[in-house]
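> Below is one structure. I have some questions about it.
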Amino acid sequence: MIIAGFAVAITCALFFVVYKPIEDANKRDMETLTAKNAEVDQLRPYQNRLLELARNIESLKQQLELQKHIVPDEKEADTFIQLMQTAASSAGIEIRRYTARAVNTREFYSEVPFEIEVDGPYYAMLQFFEKVSSLERIINVSDVRMASVQKPQAAKAKKAYQYAPSESVVATCVATTFYSHDAPAAPPAAPKK
């Protein structure tokens, strides 16, 4: 009987010291597992849409890259001048002068105007302006003034050049390109006194 009582005492001690804490920990872990499974079940509808969402994100990234070509994040004056030179040489006209004007900063973008002076045949000049209008980067042309090569001052040309016999008109205009930037941060509110 002593041995049986001793065995019962050891069994009770083992139950409360070893088995019971493990059982309680298992119950807590099961409750946590049930809660996590409930969270996962709420997200299951999105699992099927994950591939679609990834495709949408990739498409938006490509659109953003395309937008950076149209309205870059930086001034990129050299790229602008290269675009203008390419359009001018393919149209058969000469760009004689670029004069940078003051940058106009807006909320989400900045305007970068350049006064340019061009000369060439009349129809080549029209073709140049048409090419500029179809460039990938946004370029607005304004304040166009044209005159014959005999009177370039009428177009507000700064200087007369040696014009080729085929050149018939001189023009000055303002070509404005744009670049984007983040909106300026709102100033912090003044502390109340």
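Quick note on numbering: this note's numbering labels position 131 of the sequence shown as 131, and the sequence is numbered without any gaps. Glycine is no exception: its CB is placed at the ideal position from the N, C-alpha and C atoms. It should be emphasised that the depicted structure is a prediction, and the values quoted were computed from it without experimental measurement.
#1: Would you list the residues sitting across from phenylalanine 178 in a DSSP beta bridge?
#2: What does valine 118 pair with, by DSSP beta-bridge criteria?
#3: What first and last residue would you give for the beta strand (DSSP E) that runs through alanine 155?
#4: Just reading off the alpha helix (DSSP H) that valine 8 is part of, what are its end residues?
#5: Name the residue from Glu76, Arg145, Pro165 and Gln62 whose alpha carbon lies nearest to the alpha carbon of lysine 156.
#6: Can you tell which of Asn140, Thr11, Ile116 and Tyr123 has the C-alpha that lies nearest to the C-alpha of lysine 159?
#7: What does the Cβ neighbour count give for tyrosine 179, buried or exposed, with the cut at 16 atoms within 10 Å?
#8: So, are the CB atoms of serine 148 and valine 174 less than 7 Å apart?
#9: What's the gap between the Cα of tyrosine 109 and the Cα of glutamine 67?
#10: Would DSSP call arginine 137 helix, strand or coil?
#11: Counting Cβ pairs, one atom from each stretch, are 3 or more of them under 8 Å apart for the region 95–106 and the region 49–60?
#12: Taking DSSP's pairing of strands, which residues face methionine 203 in a bridge?
#13: Using CA atoms only, rank isn't needed, just tell me which of Gln127, Tyr163 and Thr176 is closest to serine 89.
#14: What three-state label does DSSP hand valine 87 in the structure shown?
#15: Name, in chain order, the residues that DSSP records as bridge partners for threonine 105.
In short:
#1: Beta-bridge partners of phenylalanine 178 (DSSP): Glu111.
#2: The partner list for valine 118 (beta bridge, DSSP) reads Ile95 and Ala171.
#3: The continuous stretches of beta strand (DSSP E) do not include alanine 155, and DSSP gives it neither H nor E.
#4: Judged by DSSP secondary structure, valine 8 falls within the alpha helix (DSSP H) whose first and last residues are 2–14.
#5: Of the candidates Glu76, Arg145, Pro165 and Gln62, the one whose C-alpha sits nearest the C-alpha of lysine 156 is Arg145.
#6: When each option's Cα is compared against that of lysine 159, the closest is Ile116.
#7: So tyrosine 179 ends up on the buried side.
#8: Result no, Cβ atoms of serine 148 and valine 174 do not sit closer than 7 Å.
#9: One C-alpha to the other measures close to 13 Å.
#10: Coil.
#11: Because the criterion of three Cβ pairs below 8 Å is not met, the region 95–106 and the region 49–60 do not touch.
#12: For the chain, the structure presents residues 1 to 193; residue 203 sits outside this window and is missing.
#13: Checking every option, the nearest Cα to that of serine 89 belongs to Gln127.
#14: Checking the sequence shown, residue 87 turns out to be alanine, not valine. Helix.
#15: DSSP lists Ser110 as partners of threonine 105.
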